[in-house]
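Just so we're on the same page, my numbering is the position in the sequence shown counted from 1, plus 6.
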Amino acid sequence: MSEQPAGNAGPSGARSGPLARQAAGQAARRRLSSGIGAPIKRSRFLTIAVAVFAGLGLAWWAATGLELVKPIFLPSPQSVAMQLAKLWGDGTLWLDLKASIYRISIGFLIASALAIPIGVLIGSFKAFEAAIEPLVDFIRYMPVVAFVPLSILWSGTSDAQKFLIIFIGTFFQQVLMIMDNVKRVPPDFVGLGRTLGLPDRKILTRIVVPSALPGIWDTLRISLGWAWTWLVLAELVAATSGLGYRITVSQRYFQTNTIIGYILLLGLLGLVTDQVMKALGKVLFRQEGHAQ
C-alpha cells in the first residue's frame, strides 16, 4: 500500500500536517476569546457599554418624540436636561448634591470602620463568630424601612438620622460579607504563620488581613451602592435638603422631569463611585489579579 502524502485527508477526512495544526490553533484562540470568562479589549468593552446607553437614550427620545408616552409619565430628554440646568443655575442642585454626598460619606465611613474589624474577628475566631454572627444575621433580616420612624424618634430629623439609616442598611451586611472574605483565606497561609512561630495578632495583621483585603475592598464597593439606596430612603421621609428630599417635593407638584433627572443623577453618581473604587482596586491589589 502506498503511503498518504503529508497534508492529505486521512481516513476520517480531516487534514493533517501544518495547515491542520494552524487551523486548530486559530479555532482554539477563537474559543478562548469568546468563551466563559474570556477577556476583551478595553476599547471593545467601552464601545459596548456606550452603545447600550446610547440605545436606551434613543429609545427614550423616540418614545417621547413620537408621543407614545404622555409627558406627565415620561418627560423628554430635552425637558429633563433643561430642568437640571435650571436647578443647577439657581444653586438648588448643588445644595442637594452637597448634602447627599456629605451624608453618605459620613454614614458609610462609620459603618465600614466598624464592620471591618468585627468581620475580621468573627471570620478568624470561632468564639467571636458564635457570639456575634447569629445576632448580626438576625438583625440583617429586619427591613430598614421599618427603622425609619424609629430613627426619627431616636435622633430627630437631623443628619444623625440619615447616618443611622445608612449604618443600619449597610453595617450588618458588611460584617457578614467581610467574615466570608476572611474565611476564604487559605488555611495553609495561617499554618505557615504558626510554623514560623507568629502569635495570633501578627498572623491577623501580616497574613489574614492582607490576604483578605482584595475581597474586603469588593465588599465595600458593593455595599456603597446599598448606602446610596438607604440615603435616598432617609431623605424621602425626613429631610429638608438632599436628592431624595427634592424627589419628594417634585412628586407633590407632578414635576416628573425633576424626578427623572434626579434619578438619573443618582444612577450616575453610583456608577462613577463604583468605577472609581474598581479602578483603585486594580491599582492597590494589582499583584492579586484584582477585578478586571
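Idealized CB from N, CA, C, for every residue including glycine.
Residue of the options minimising C-alpha distance to residue i
| i | options | result |
| --- | --- | --- |
| residue 140 | 182, 115 and 195 | 182 |
| residue 117 | 226, 285 and 269 | 226 |
| residue 109 | 76, 231, 165 and 73 | 165 |
| residue 228 | 97, 51 and 180 | 180 |
| residue 224 | 246, 49, 174 and 184 | 184 |
| residue 280 | 234, 48 and 86 | 234 |
| residue 215 | 56, 124 and 148 | 124 |
| residue 217 | 256, 290 and 255 | 290 |
| residue 2 | 99, 236 and 56 | Outside the modelled stretch of the chain, which goes from 7 to 298, sits residue 2, for which no answer is possible. |
| residue 86 | 270, 55 and 46 | 270 |
| residue 107 | 276, 284 and 48 | 276 |
| residue 256 | 284, 48 and 98 | 98 |
Contacting residues, own chain, Cβ-Cβ under 8 Å from residue i (five flanking each side not counted)
| i | result |
| --- | --- |
| residue 260 | 78 |
| residue 83 | 63, 66, 67 and 70 |
| residue 213 | 191, 195, 196, 198, 199 and 204 |
| residue 135 | 128, 129 and 185 |
| residue 138 | 124, 127, 128 and 181 |
Contact belief for residue i with residue j at Cβ below 8 Å, rounded distance in angstroms
| i | j | result |
| --- | --- | --- |
| residue 267 | residue 89 | 6 Å |
| residue 6 | residue 272 | Nothing in the structure corresponds to residue 6, since the chain is present only between 7 and 298. |
| residue 142 | residue 239 | With 8 Å as the limit, residue 142 and residue 239 do not qualify as a contact, their Cβ atoms being about 21 Å apart. |
| residue 221 | residue 187 | 3 Å |
| residue 45 | residue 262 | Rounded, the Cβ-Cβ distance is 42 Å, inconsistent with contact. |
Other residues of its chain near residue i: CB distance less than 7 Å, five sequence neighbours each side excluded
| i | result |
| --- | --- |
| residue 252 | 102, 264 and 268 |
| residue 2 | Residue coverage of the chain in this structure runs from 7 to 298, which leaves residue 2 outside it and unanswerable. |
| residue 105 | 247 and 248 |
| residue 7 | Only weak support is given to the placement of residue 7: the predicted model assigns it a pLDDT of 48, under 50, and the value that follows is read from those uncertain coordinates. There are no such residues. |
| residue 112 | 169 |
Cβ-based neighbour list, residue i, same chain, cut-off 6 Å, excluding 5 preceding and 5 following
| i | result |
| --- | --- |
| residue 177 | 117 and 121 |
| residue 245 | 251 |
Contact between the region 152-160 and the region 170-190 is defined here as three or more beta-carbon pairs at a separation below 8 Å; is this criterion met? Yes, they touch.
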